[in-house]
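> The structure that follows is given in the form of structure tokens.
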């Protein structure tokens with residue numbers, strides 16, 4: 031229905047899909063929590079960058095997510111936090127370690143806690 035269509039359109043995080051973050055020096059990154067420079071507003075053509083940058087293009091494609099996020103039934107509604115995946119693993123397409131459905135990370139954390 032309409033609600034499901036809206037949820038899929040919104041699709042969780044908007045980094046690289048609806049917005050980018052700009053630092054004071056003009057550097058652009060997918061979001062304020064995602065410190066991966068994708069260009070510079072003072073040096074690059076923004077429209078070309080938005081359409082052709084590999085990182086931004088990858089963030090729009092939920093079918094290339096890796097691990098649990100790539101198989102999750104909710105990936106088109108959520109997609110996980112790509113900034114958190116990048117911070118923990120160095121790979122923004124890796125599974126979101128903060129997701130409650132990411133059983134592998136949850137079980138590892140619980141094992142280390144015990």
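Numbering (the working numbering), first residue to last: 31 to 144.
Cβ coordinates follow ideal geometry from the N, Cα and C atoms, glycine included.
Note that this is a predicted model, so its numbers are computed, not measured.
Check this for me: beta carbons of residue 75 and residue 67, under 9 Å apart or not?
The answer is no: Cβ separation not under 9 Å.
> Output needed for residue 108: all residues of its chain with C-beta closer than 7 Å, excluding positions within five of it in sequence on either side, in chain order.
Once the five neighbours on either side are set aside, the close Cβ partners of residue 108 are 42.
> Buried or exposed, going by whether 16 or more other CB atoms sit within 10 Å of the CB of residue 141?
Counting Cβ neighbours within 10 Å, residue 141 comes out exposed, since fewer than 16 surround it.
> What are the boundary residues of the alpha helix (DSSP H) that includes residue 167?
Since the displayed the chain opens at 31 and closes at 144, residue 167 lies outside it and no answer follows.
> CA-CA distance, residue 137 and residue 122?
Using only the alpha carbons, I get a separation of about 21 Å.
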